[in-house]
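Right, one structure below, let's go through it.
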Amino acid sequence: MQDKQTFSIDPPMVLPLRTLLRASFVFFLLQAIVVATGAARGDDLSPAIFREHAGARMDHWEYTQPESHSNEENWAPEHSTGIPPGNMKKPESTTRTFWEQTYAGRPGVWRVDAADGAFLDFTIPNVMDPRRPKAVIVQVTWWPTSNEIPVVDVVDGNTNNDFAVPDDFPPETTALDDGWKHTRYHFWSDTCPSFELVRIQPPPNGVLYVDQVVVDAVCIAPFGQGGDDDPEDNEGPGDESPNGGGDGPGGIEASDDKLGLFGPFGLGIIAGLLLALLIVVLLRARKAAN
Ligand SMILES: [Ca+2]
Numbered sequence: 000m001q002d003k004q005t006f007s008i009d010p011p012m013v014l015p016l017r018t019l020l021r022a023s024f025v026f027f028l029l030q031a032i033v034v035a036t037g038a039a040r041g042d043d044l045s046p047a048i049f050r051e052h053a054g055a056r057m058d059h060w061e062y063t064q065p066e067s068h069s070n071e072e073n074w075a076p077e078h079s080t081g082i083p084p085g086n087m088k089k090p091e092s093t094t095r096t097f098w099e100q101t102y103a104g105r106p107g108v109w110r111v112d113a114a115d116g117a118f119l120d121f122t123i124p125n126v127m128d129p130r131r132p133k134a135v136i137v138q139v140t141w142w143p144t145s146n147e148i149p150v151v152d153v154v155d156g157n158t159n160n161d162f163a164v165p166d167d168f169p170p171e172t173t174a175l176d177d178g179w180k181h182t183r184y185h186f187w188s189d190t191c192p193s194f195e196l197v198r199i200q201p202p203p204n205g206v207l208y209v210d211q212v213v214v215d216a217v218c219i220a221p222f223g224q225g226g227d228d229d230p231e232d233n234e235g236p237g238d239e240s241p242n243g244g245g246d247g248p249g250g251i252e253a254s255d256d257k258l259g260l261f262g263p264f265g266l267g268i269i270a271g272l273l274l275a276l277l278i279v280v281l282l283r284a285r286k287a288a289n
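Residue 0 is where the sequence shown starts when you use numbering that gives the first Met the number 0, and the numbers rise one by one after that.
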């Protein structure tokens, strides 16, 4: 067992910590891109590197349900690592917005028409933790009726605030061999809500054909820091526990067996350790000053 050292941080300390956390997130994304060619199911072409770790979940809709399924209001993902799984609320079917058994050579495709004000809405359940940041990655496989990519937004289910899109990671689009396109979107929140909402819309005045959707989400614990065992404490977003040994809900820990987070990528390991060292040094210096 490790002793838990918990202390609050004044606002001036929060900013550099948030900066470091954002830097950590950038490394998450960089690593994810490195493995983008790895094995994947369907059009899960660039699975998030954090998928196998604590606090992460994945939901994958292929829309291969039989046609009768299209009458159900809520569509569960065909593949999910989350408990409970995510949910898509079926849009109201019209003559322009509907599910098709096949389209452009692919099974199970949603046609969504901006003329109907239609969209695909997903609910991703999670564990709330206002002290930790959250990363969400959305992959959409779509048929190009124009050069405009689908419009994707992620919203905090508790506050209705939009997740941010990191400046360094705008959406990335790949043309697939069969004419379809795959776009990957990155989102960030300074806190982990109890659920997030993902909305996929056609471009303005456009029509969207969606073959598959993959949502990865992770509640990030800073490198070298475990979760706080006491979810009831009220130490606020500045609460950081450099020696916290707990593994509270949703955390990723840099314990020895979790260094696989970076797999064989030396850069990631070195960067992660440096970040952890920086955080610990900052916190220790602050504590010593008190
Ligand atoms: Ca499909």
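The beta-carbon is built from N, C-alpha and C at its ideal position, and this holds for glycine as well.
Predicted model, so just to flag it, every value in this text is computed and none were measured.
The stretch 108-171 is shown to contain whole beta strand (DSSP E) runs of 3 or more residues at 119-124, 133-142 and 150-155, in chain order. Judged by DSSP in its simplified three-state form, Ala-287 adopts helix.
When the Cα atoms are used, Ala-287 and Pro-201 turn out to be separated by approximately 54 angstroms. The beta carbon of Lys-133 sits closer than 6 angstroms to those of Ser-188, Cys-191 and Cys-218, all from its chain and outside the five residues before and after it, given in chain order. Inclusion of Leu-119 and Val-214 in the CB contact set at 9 angstroms is not warranted, their separation being larger than that value. Setting aside the 5 residues that flank it on each side, Met-57 is surrounded in the same chain by Arg-50, Thr-80 and Asp-215, each with a C-beta closer than 6 angstroms to its C-beta; the list follows chain order. Annotated three-state conformation of Leu-282 is helix, per DSSP. Burial state of Gly-54 is buried, judged by a 10 Å Cβ sphere holding 16 or more other Cβ atoms.
One alpha carbon belongs to Gly-116, the other to Leu-277, and they sit about 48 angstroms apart.
Selection Asp-177, Pro-203, His-185 and Ala-114 evaluated against Asp-166 yields His-185 as nearest (Cα-Cα). Listed as beta-bridge partners of Thr-94 by DSSP are no residues whatsoever. In this structure, Ala-113 lies near Val-206, with their beta-carbon atoms less than 9 angstroms apart. Here Arg-50 is not bridged, per DSSP, to any residue.
Residue state for Leu-175 is assigned as coil, using DSSP reduced to three classes. Shown here, Leu-44 sits in coil according to DSSP, grouped into three states, outside any helix or strand. C-alpha of Ile-148 to C-alpha of Lys-180: approximately 9 angstroms in a straight line.
In this structure, Arg-198 and Asp-152 form a Cβ contact; the two beta carbons are roughly 5 angstroms apart against a cut-off of 8 angstroms. Between Ser-193 and Asn-125, the C-beta spacing is below 9 angstroms. In this structure, the C-beta of Gly-85 stays at least 8 angstroms away from each heavy atom of ligand 1.
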